[in-house]
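Participant: The structure is given below, and queries will be raised subsequently.
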Amino acid sequence: MSHDDTVRKLGKKFETKCYENFGSMLLSMTIHGFRGVKDLTLSFESPITAISGLNGTGKSTIVQLATCAFPQPDDHPYYRFYVKHFFPVSVVDPEPFSSDAQVGYTYAVEGAAAPQHLTVSRKAKEWSGYKRQPPRATYYIGFTQFLPKVERRDFSIYGARHLELGEARQLVPETAQRVGRILGLPYEQLGFTNVQTSNRSSELAMATRAGRQYSENHMGFGEGRVVYMVNTLEAAPPKSLIVLEEPETSLHGDAQIRLARYLVDVANRRGHQIILTTHSASILGQLGRKSVVYLRRTPAGEVSATHGLSTYQIDSYLQSESRPTIGMTICVEDAFACCLTTEILRRSEPDLLAGCSFLKIGGGQEIPAAVKLLKSAGLRAVGLSDGDMPHDGTEGVMTLPGTRPPEKEVFEHPAVKAYFAGSTFSLDLCEVLAGVANHHDYAAKVAARLRMEEAAVVNDACRAYAAGHEASDFGPILDFLRKNLSDRR
């Protein structure tokens, strides 16, 4: 089965028999008053949810609160997680949450007819509301799950003279192979050995490769973390909740891709719900669109969540200051068509702008050939022709609004006429343009009359035109771009 088929299979399992396949899965959270997250509702629309966003948008806050959604089953060896564990009050952090802070959880229940809702809030000095939470094995894999013991000055290094080796536990071959596949390392053996001194004991990861045995003390951070991570995911009870903080840390790009594919596979095989934070386009690109959530913070400090953005859009947001967009190229005739398309998207669906760049072809008849050429080079490209050169979306080319050149559609639109006739300009467009024979000269003529730069006039006109429409008026163009900007799935 291909990876794409596995992604689709995972989504189908969630949509058809969510509780049966994944147990008491967390379906949504409503967060109020924790750190910088004032009010946020986040839904989990897939067994795997990857939360991305710039630093400081609340990713860790969300996954830490998700970890507190379940008590551990009675036979589980690990302690459960409470809100107080992640949000301690201290002298240096006297107010990590507001006085009315609370988090609401919604769970899948048997039959899926009526999801279960409950709220955890702070009463006096204690958090309450945990009692009705359904039990579920929960694992939080943060950055401390694997820290090289040599960096911690742990007893396994500095007490080596007194160290005793105990029983060894080999990973089953399939698990060791999965670790090796992610890292691209051909292990001969992989497991853990009990080590102890006179008063302490622990487990130490051990590997054999190319006939040489070594412990985790000689593993890199990326290698050691994958060993511990995969061991946890395979050893956890079926239908567990697994929370991962930036699992891509210290892994190269190909290893990140293979790790993401492994996460999809293990969720399918074992029914785990996996919630992770990530900045990795390599990981996001291996997940279905319903698995991807992008967080952003508004200038007012509010955090919002957007579901289903493409990898290219998120990568553009995360790296907008370091390099140009690498998502989709939109071929248009000229600067006016570029500005009009930009303002339509900014007005109707600004997220579509992320991950897009524009290429001015110079002639409408050349757009289909340019799109074909770019696609043949392996690039993601579409075309938007002027209204007087209609296309229906086939062969990657669609038409801008109207049936005439965009300059005529824009400058002769009532909303644009009203804008320039307003108190700022007091300009009658009909009068100014009455004697202009070539529509390409419209903006220059208006700019000369207003003593403005031509580009500023074009921006104002296109913005007024877009504002004079409902988003649904641009539905065909938006649907066309959404379809072509989508990831492979």
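Just so it is clear: in the sequence shown, position 472 is 850 by our numbering, and no numbers are missing.
From the three backbone atoms N, C-alpha and C, an ideal C-beta is built for every residue, glycine too.
1. Strictly by DSSP, which residues pair up with residue 583?
2. With residue 518 and residue 445 assumed to form a contact (beta carbons below 8 Å), what rounded beta-carbon distance in angstroms separates them?
3. Determine the burial state of residue 590: buried for a count of at least 16 other Cβ atoms within 10 Å of its Cβ, exposed for fewer.
4. Starting from residue 745, follow the alpha helix (DSSP H) in both directions and report where the run begins and ends.
5. By the three-class DSSP mapping on this structure, what secondary structure does residue 591 have?
6. Go ahead and pull the three-state DSSP assignment for residue 463.
7. Since I believe residue 673 is in contact with residue 683 (beta carbons under 8 Å), could you give me their beta-carbon distance rounded to a whole number of angstroms?
8. Would you kindly work out how many angstroms separate the C-alpha atoms of residue 423 and residue 785, rounded to a whole number?
9. Using 8 Å for Cβ pairs, my map puts residue 716 next to residue 748. What's the rounded Cβ distance?
10. Along the chain, where does the beta strand (DSSP E) that runs through residue 345 open and close?
11. Please confirm if the segment 749 to 758 is in contact with the segment 770 to 779, defined as three or more CB-CB distances below 8 Å between the two stretches.
12. For residue 412, report the span of its beta strand (DSSP E) as first-last.
13. Under a three-way DSSP split, which group does residue 653 fall into?
14. Any chance the segment 654 to 668 sits against the segment 427 to 443, with 3 or more Cβ pairs inside 8 Å?
15. If you draw a straight line from the alpha carbon of residue 714 to that of residue 726, how long is it in whole angstroms?
16. Given this structure, state the Cα-to-Cα distance separating residue 469 from residue 504, to the nearest angstrom.
17. Kindly indicate which residue of 685, 754, 635 and 705 has the alpha-carbon position closest to the one of residue 381.
18. Nearest-angstrom Cα distance between residue 544 and residue 569?
19. Using the rule of at least 16 other Cβ atoms within 10 Å of the residue's Cβ for burial, across every protein chain shown, is residue 743 buried or exposed?
20. DSSP three-state label for residue 640, please.
21. Count the other CB atoms, across all protein chains shown, that sit within 10 Å of the CB of residue 501; report buried if there are 16 or more and exposed otherwise.
22. Report yes if the C-beta distance between residue 573 and residue 549 is below 8 Å; otherwise report no.
23. List the endpoints of the continuous beta strand (DSSP E) containing residue 736.
24. Quick check on the burial criterion: 16 or more other C-beta atoms within 10 angstroms. Buried or exposed for residue 817?
25. Which same chain residues, not among the five before or five after residue 477, have their C-beta less than 7 Å away from its C-beta?
26. Under the assumption that residue 671 contacts residue 650 (Cβ atoms under 8 Å), give the Cβ distance between them as a whole number of angstroms.
27. Within its chain, find whatever has a CB closer than 7 Å to the CB of residue 703; leave out the 5 residues flanking it on each side and keep chain order.
28. Does the beta-carbon of residue 594 have 16 or more other beta-carbons within 10 angstroms, so that it is buried, or is it exposed?
29. Start and end of the alpha helix (DSSP H) containing residue 381?
30. What's the C-alpha gap between residue 390 and residue 507?
31. What is the DSSP secondary structure of residue 856, counted as helix, strand or coil?
32. Report the rounded CA-to-CA distance for residue 612 versus residue 562, giving the unit in angstroms.
33. Closest to residue 663 by CA distance: which of 644, 645, 638 and 681 is it?
34. What are the complete beta strand (DSSP E) segments, minimum 3 residues, inside the segment 769 to 829?
35. My output table needs one value for residue 503: the three-state DSSP class, helix, strand or coil.
36. Under 8 Å by Cβ, that's how I've got residue 741 and residue 711 pegged, so tell me the actual separation to the nearest angstrom.
Facilitator: According to the structure shown:
1. 570
2. 5 Å
3. Counting Cβ neighbours within 10 Å, residue 590 comes out exposed, since fewer than 16 surround it.
4. 745 to 754
5. Judged by DSSP in its simplified three-state form, residue 591 adopts strand.
6. helix
7. 6 Å between Cβ atoms; contact.
8. One C-alpha to the other measures close to 43 Å.
9. At roughly 14 Å, the Cβ-Cβ gap does not stay under 8 Å, so residue 716 and residue 748 are not in contact.
10. Here the chain comprises residues numbered 379 to 867, so residue 345 is not present and cannot be evaluated.
11. yes
12. 404 to 412
13. strand
14. yes
15. 18 Å
16. Cα to Cα, residue 469 sits roughly 18 Å from residue 504.
17. 635
18. 13 Å
19. exposed
20. helix
21. exposed
22. no
23. 734 to 738
24. buried
25. none
26. 18 Å between Cβ atoms; not a contact.
27. Bear in mind that the predicted position of residue 703 carries a pLDDT of just 48, short of 50, making it too unreliable to give a figure here.
28. buried
29. 381 to 394
30. 32 Å
31. helix
32. 19 Å
33. 638
34. 775 to 777
35. coil
36. With a Cβ gap of about 7 Å, residue 741 and residue 711 count as contacting.
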